[in-house]
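K.L.:
In this note's numbering, the protein residues as written are 165 to 264.
1. In whole angstroms, what separates the C-alpha of residue 230 from that of residue 212?
2. Beta-carbon within less than 6 Å of residue 239's beta-carbon, same chain only, minus the 5 sequence neighbours each way: which residues are those?
3. Who are the near neighbours of residue 237 in its chain, counting only those whose CB is closer than 7 Å to its CB and skipping five residues on each side?
4. Along the alpha helix (DSSP H) that carries residue 209, what are the first and last residues, could you check?
5. Beta-carbon within less than 6 Å of residue 297's beta-carbon, same chain only, minus the 5 sequence neighbours each way: which residues are those?
6. For residue 246, collect the residues of the same chain with a Cβ closer than 8 Å to its Cβ; drop the 5 residues on either side in sequence, then sort them by chain order.
Structure, rendered in structure tokens:
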């Protein structure tokens, strides 16, 4: 059968966060949740709600059905302005290296 819609949505949200540089804390602010609530949704211990899908779609500038269609489709639908640049990715790697 394939993965469940819930699992696909978790993977999609993770992929969008990676592509845009969003954090769970930032997503929580968008959804009016706590970072812990987003973490629980992402780990599968709590379920994403339909209202969350609508808010995430609006935040990322994609249609709700693109979120539900999986990570590849959702990331392909992201507006270019939402994507992290190569420089931003490098800065993040440098920060992580300096923390260690």
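A virtual CB, placed ideally from N, CA and C, is assigned to each residue, including glycine. Quick caveat, the model's predicted, so the values are computed rather than measured.
P.N.:
The structure says:
1. 15 Å
2. 179 and 183
3. 230
4. Careful: residue 209 lies outside any alpha helix (DSSP H) and carries neither H nor E.
5. Any question about residue 297 goes unanswered here, given that the chain covers just 165 to 264.
6. 183, 184, 224 and 225
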